[in-house]
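Just below is one structure, and these are the notes that go with it.
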Amino acid sequence: SVAKRAVAEVAQHDKVPRPVGFVPPPPPCPGKIHHFKI
Amino acid sequence: APAAPPPPVGCDDPETEAAAEFAVNYINDHSHHGYKFALNRIEQVRVLPQGPNNEIIFLELDLLETTCHILSPTPLANCTVRSFTEHAVEGDCDIKLQKVNGQLSILGTKCHSHADSSEDIQRVCPDCPLLASLNDTEVLAAVTAALNDYNSKTPGAYLRLLEIGRARKQFHPVHVVAVEFAVAATNCTAEEAKANLEACQLLPEDQSNFGFCTASIVTSPSQELQADCQLYGHQPGITYPHQGQDTT
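What follows is the structure, encoded as structure tokens:
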């Protein structure tokens, strides 16, 4: 038999709250589009 | 405690931008056909440290075709990128570089180019002419007619075709063939070329002896030909110093 574990719930409780005004860093790649994207 | 690994290098980091600019200049300098390409986007960068002040850089670049022919002396920074409605051409390049003591060098490049899909252009601009094959019969006829027309009306050196760079065709509301091609000056006038074309030799490979022509031929509803050629030695916006002139 398979037992259901509450992993997601535990992870949710461990999540550190982000400070107000926090801006996540931009993804390192790809870079900005200089002209237009085909 | 072991030192923390360095943060990943980003595509918009100044060092990555500098490596990409170096690579684009290298690609343009080592290309002998078509047009100069400009950087559109850095898709990916990977840096492999090889030792102190020595690293290998892998770049994936997305480039766009400009309006400057590869033989044009116009610096890339002054070249205009082809607009989307001109049926843009994109270049995808994988580049391997080495950076030793801050000095970049190219270890290898692999590029291929492709035009945007005709469907995409027509969705945005239904009447825009689309790229045609360079060996299309109508395209070849248009280039021949344009060059003959220009040579017959111009007293200077007889121009010979080097290569066709681009051709576009439009069918509605008028039938137009627009072509662009590179030319080289010969030691003949048009009259001398008419008498003996075989005797006309290309002038020594000086940048000012190359040129670029644009032409359009309307075949329907009426016939009309417009052709213009410009030798790079007389390109507007570029000053060639004369003897005794201040070259500052």
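As given, the protein sequences belong to chains B and U, one line each in that order.
Heads up: the first sequence is residues 188 to 225, going by the working numbering.
Heads up: the second sequence is residues 2 to 249, going by the working numbering.
Yeah, the Cβ is synthetic: ideal placement off N, Cα and C, and Gly gets one too.
Cutoff 8 Å: Pro206 of chain B Cβ touching any chain U Cβ: no
- Query: Below 8 Å, can you find three or more Cβ-Cβ pairs linking the stretch 33-44 of chain U to the stretch 62-69 of chain U?
  - Reply: yes
TODO: Starting from the beta carbon of Phe223 of chain B, find every residue of chain U whose beta carbon is closer than 7 Å, and list them in chain order.
DONE: Phe85
- With 16 other Cβ atoms within 10 Å as the buried cut-off, status of Ile220 of chain B: exposed
With distance defined between alpha-carbon atoms, name the residue in U:Gly92, U:Gly103, U:Val177, U:Glu193 nearest to Pro15 of chain U. U:Gly103
**Message:** Along the chain, where does the beta strand (DSSP E) containing Ser221 of chain U start, and where does it finish?
**Reply:** 211-221
query = For Ile122 of chain U, which three-state DSSP category applies?
reply = helix
_Can you look up Ser277 of chain U in the DSSP assignment and give me helix, strand or coil?_
Lying before the first or after the last residue shown, residue 277 of chain U is absent from chain U, which here runs from 2 to 249.
Quiz item: Apart from the five residues just before and just after Val90 of chain U, which ones in its own chain have a Cβ nearer than 6 Å to its Cβ?
Solution: Glu66, Ser114, Ala116
Cys12 of chain U versus Glu18 of chain U - alpha carbon distance
7 Å
Item to complete: Could you list the residues in the stretch 39-50 of chain U with a C-beta less than 9 Å from some C-beta on chain B, going in chain order?
Response: Ala39, Leu40, Asn41, Arg42, Ile43, Glu44, Gln45, Val46
### Query
Quick one: is Pro211 of chain B near chain U, going by C-beta distance under 8 Å?
no
For this session: Whole angstroms is fine: what's the gap from Asp250 of chain U's alpha carbon to Cys214 of chain U's?
Result: This structure gives no information on residue 250 of chain U, because the portion of chain U shown stretches from 2 to 249.
* Asked: If we ignore side chains and look at the alpha-carbon of each, how far apart do His222 of chain B and Ala200 of chain U end up?
  -> 46 Å
_With a threshold of 8 Å between beta carbons, is Pro215 of chain B in contact with chain U?_
yes
inquiry  = Once DSSP output is grouped into helix, strand and coil, what is the label at Asp117 of chain U?
reply    = coil
Notebook entry, point to check: On the three-state DSSP scale, how would you describe Gly234 of chain U?
Noted result: helix
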